Structure formats: C-alpha cells, structure tokens
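Oh and the sequence shown: position 63 is 63 in UniProt numbering, straight run, nothing missing.
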Amino acid sequence: MEAKFMTQETISAKACPNYIKLKFQQAKRRQETLEIQKQKREEQINEKRYLANYTGCNWMEMYDENNRTTIKNEAYELALSLMNSEYMLEVPEDIDNWIAVLCPDGKRCCIISQDNKTKVVNKFGTTLNYFQSLFPHGCTISNNYPSHRKRTVLDCIYSYKLKKYYILDIIEWMGVPYTDFDAEFRFYFIQSKLSEISGINEKSEKNDYPFELAPRMVTHELYPLLLENFQFFPKNVYLDGINFYYSESLYTPGDTPLVLWLNPFMVPDVLGRQVNDLLAQKPLDYVNIFEHCQNLKKKKRKRKKNRKNPQYKQMEIDDFTEVETDKDPAIENEMNMEN
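Rendered as structure tokens:
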C-alpha cells in the first residue's frame, strides 16, 4: 500500500539519500547568488557616483588606466572560465518565466576574435583551432587593422555534424565586457549584433564557419513544442539539452544556480511536462536526475585523473580538428554541457 501512494519525489529521495540536502542547497545558493549580484550592482553604481564628484584629470586618467587593465585581465580569465549550469535538482517557482536556451549535440567552446583572426578555446584553456570569421577583427579584410584590445568573446557550442557554431551567450564585444548585464539584455544584444553582420550565418571566404544564435524562448512557450515533433535543429542533429536562464542573472565564471540544465528525457520527471516519444528516450542506466548527477561526478573525477596525461590534450585537439574531414567524431554527451 505504501508503494501505491509514493510520489516521484519520495522515490527519488529513497534512491538518493542526499536528495533533500542537494535540493535545499541549490535553492539556498540561488538566493545567495542573487543577493551577491544585487550587492555588486549597488557597489558599481555607488562607485560611478563617487567618481562623478571628481573632475580632476589625474584621478580620472588613473581610474581609466586601472579599469582597462582590469578589463583586459578579466577578459582573459573569462575566455578560459565559461559559465556552467547546474542540473535542476530544485525547480524554481517561477521557472515558467525563465529563458530556455536549446542546445544541440556538440562541443562547448569559447570563440575569441581579435588581431584579425578567430580562435577556438575549450573550457580547459586549450586553443583548438584558428580560422577567419566576420566578427569584428576576426578576419583580414581591407581597412580592418589588427586590434588586440577590441576583443569579442562568445560562449558557443560547435556542431560537428553541421560544421557550425551555435551561440549560447556573449561575454565581451569589441573590448567591452557584458558579464555585468543580465541575461535578457545579453541575449537581445547579441541577436541585434548578429543581424547587423551580413553573411555570418553562411560559410564564405572570410567566414570559415557559419554562426547562429541557439534557439531560445520563455519556458512556458517551450512546453508545447517539446510535446510536438518540432524540429529545433536540422535533421540528424538532436536536442542534447536545455539551459534555463534566470532573466536577471549576470554572466559569472564557473557553476551557477541561476542557469539550470535538463536533458529532454528529464523534463517529465522534473518539470512534470510531457515530451514526444523521441525526446523521452532515456539511457539504459538512467534512474533519476539525482543518481545521474552522482554518476557524472564519479566519471568527472576519473577524467580529471586522465587529464594529467599529456596525451589527453593532444587527443582532444586532434578530435576537434577532425571537422575538416567527413568523419563524425564521437562526443562525450553525458558531460557535454557541464555548463
């Protein structure tokens, strides 16, 4: 009789003893992160007001110089420290109003355009490839003088099958960091900038790979599409997962509870929303999201040990540069986003 009235939450709690603890911790950290971001914005406003009271040239020049140095160092760190989402262990009350960003099967990377070239950097800081793109100072064209300071940094996923980059987020544009702007504004800004770059979504002589903004919408608009056989990406490229962004979240390096991740097959259990049969297919070893997270942590620790091997980085670079061939490299999907 007891089993008859078990809820999914009860089953999950018994399957993973740390369920209640993990769920509470994520909700608590989300509130703490929001408070920290709020305090940071207030400090920035107060700092600007304080500086506005000083008109001395020397002071302002000193501030500008220090600010440029900080931005430069910060941009370098951000290129190596992408913002990573967490699995949705606890469902926010207002999740229906969060922004859902759909992620295709592929490899997470950071795109940096500067000095008239574009490079790809993985989340470990390894440069994987150089090529030309139509982003500012991303290729050699007339009247486009090399500029090291005017850097553009984008958070992307590379689709091996399509040989195409999907943009998740913006970190910096023309030397101006956008990490202190909320997600809603960042998404609007990068969409407007992409619309101004003619040919950015096509392969050409000065744009070796097409770029496109990853599909995104308010969460409640996503539910009916998940139930239908809606094609989010071209054929043979499946939906790997969904990043749920809190609309007021800033871009912060490392793990954040303000960006939550779900694989499509987790949506019915976690959000209580049905998906179509294709998206509902689960891995054979999947029990629930909590055991899934524990298993991934074990695999991550194992990979961390292997990463100390010098051959590991070379293997990853070799796999990434396979894009020039017709091969379809195998991707580690279980920790693909880790974002």
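We put the CB at the ideal spot given by N, CA and C, even for glycine.
Note that this is a predicted model, so its numbers are computed, not measured.
Problem - Between the CA atoms of residue 267 and residue 70 - distance to the nearest angstrom - result: Because residue 70 sits at a pLDDT of 44, beneath the cut-off of 50, its placement in the model cannot be relied upon, and the point is left open.
Problem - the region 149-166 in contact with the region 181-188 per 3-pair CB rule at 8 Å - result: No, because fewer than three Cβ pairs between the region 149-166 and the region 181-188 fall closer than 8 Å, the two stretches do not touch.
Exercise for the section: Would you kindly report the start and end of the unbroken beta strand (DSSP E) that includes residue 100? Expected result: In the DSSP assignment, residue 100 falls within the unbroken beta strand (DSSP E) covering 99-104.
Exercise for the section: Work out the CA separation of residue 172 and residue 180 for me, nearest whole Å. Expected result: Straight-line Cα distance between these residues: approximately 10 Å.
Practice task
Express the C-alpha separation of residue 159 and residue 228 in angstroms, rounding to a whole number.
Solution key: Each residue's Cα considered, the two are about 23 Å apart.
Handout entry: Among 100, 94 and 122, nearest to residue 106 - alpha-carbon criterion
Key = For residue 106, the closest of 100, 94 and 122 by C-alpha to C-alpha distance is 122.
Exercise for the section: Could you spell out the range, first to last residue, of the beta strand (DSSP E) harbouring residue 164? Expected result: Looking at the DSSP string, the run of the beta strand (DSSP E) that includes residue 164 is 164-173.
Handout entry: Straight-line gap, residue 222 to residue 301 (C-alpha atoms, nearest Å)
Key = Looking at the backbone, the Cα of residue 222 and that of residue 301 are separated by about 34 Å.
Exercise for the section: Take the Cβ of residue 207 as the centre, count every other Cβ of all protein chains shown within 10 Å, and call the residue buried at 16 or more, exposed below. Expected result: Per the 10 Å Cβ criterion, buried.
Practice task
Count the other CB atoms, across all protein chains shown, that sit within 10 Å of the CB of residue 298; report buried if there are 16 or more and exposed otherwise.
Solution key: Label assigned to residue 298: exposed.
Exercise for the section: Starting from the C-beta of residue 91, find all residues in its chain whose C-beta is less than 8 Å away, skip the five residues before and the five after it, and write them out in chain order. Expected result: Around residue 91: 270 and 271.
Exercise for the section: Could you spell out the range, first to last residue, of the alpha helix (DSSP H) harbouring residue 194? Expected result: In the DSSP assignment, residue 194 falls within the unbroken alpha helix (DSSP H) covering 183-196.
Problem - Endpoints, the alpha helix (DSSP H) within which residue 267 is located - result: Counting along the chain, residue 267 sits inside the alpha helix (DSSP H) bounded by residues 267-271.
Problem - Contact under 9 Å by Cβ, residue 265 with residue 284 - result: Their beta carbons are not under 9 Å apart, which means residue 265 does not touch residue 284 by this criterion.
Practice task
For residue 214, collect the residues of the same chain with a Cβ closer than 8 Å to its Cβ; drop the 5 residues on either side in sequence, then sort them by chain order.
Solution key: The residues are 101, 102, 103, 104, 157, 166, 167 and 168.
Handout entry: Beta-carbon proximity check, residue 254 vs residue 88, cutoff 9 Å
Key = Remark: C-beta atoms of residue 254 and residue 88 do not approach each other more closely than 9 Å.
Handout entry: Reduced DSSP secondary structure (H/G/I, E/B, other) of residue 95
Key = Secondary structure at residue 95: helix, using DSSP grouped into helix, strand and coil.
Handout entry: Beta-carbon proximity check, residue 128 vs residue 109, cutoff 9 Å
Key = Yes, Cβ-Cβ distance for residue 128 and residue 109 is below 9 Å.
Exercise for the section: Identify, in the order they occur along the chain, each residue of the same chain with its Cβ nearer than 7 Å to the Cβ of residue 193, setting aside the five sequence neighbours on each side. Expected result: Within the same chain, residue 193 has close Cβ partners 173.
Practice task
Alpha carbon to alpha carbon, how far is residue 235 from residue 40? Give it in angstroms, no decimals.
Solution key: Going from the Cα of residue 40 to the Cα of residue 235 covers about 44 Å.
Problem - Selection from 124, 126, 125 and 116 that minimises the alpha carbon distance to residue 132 - result: Comparing Cα-Cα distances from residue 132 to each of 124, 126, 125 and 116, the minimum goes to 116.
Exercise for the section: Measure how close the beta-carbons of residue 86 and residue 26 come, nearest whole angstrom, since I'm counting them as under 8 Å. Expected result: Contact flag correct, Cβ pair sits at about 7 Å.
Handout entry: Residues near residue 150 by beta carbon distance below 6 Å, same chain, minus five either side
Key = Answer for residue 150: 137, 174 and 175, listed in chain order.
Problem - Distance cut-off 8 Å: residue 92 Cβ against heavy atoms of the ligand SAM - result: Among the components modelled here there is no ligand, and therefore nothing to report on the ligand SAM.
Exercise for the section: Round the Cβ separation of residue 219 and residue 98 to the nearest angstrom and send it over; I've been treating them as touching at under 8 Å. Expected result: Taking a contact as a CB-CB distance under 8 Å, the pair residue 219 and residue 98 counts as one, their CB atoms being some 5 Å apart.
Problem - Residue ranges of each beta strand (DSSP E) within the region 206-251, 3 or longer - result: Qualifying beta strand (DSSP E) stretches, in chain order: 211-213, 216-218 and 239-245.
Handout entry: Burial state of residue 252 (16 or more Cβ within 10 Å)
Key = Residue 252 comes out buried.
Handout entry: Residues that residue 149 bridges to, as DSSP identifies them
Key = Here residue 149 is not bridged, per DSSP, to any residue.
Exercise for the section: Find out if the Cβ-Cβ distance for the pair residue 112, residue 153 is shorter than 9 Å. Expected result: Against a cut-off of 9 Å, the Cβ pair of residue 153 and residue 112 comes out as a contact.
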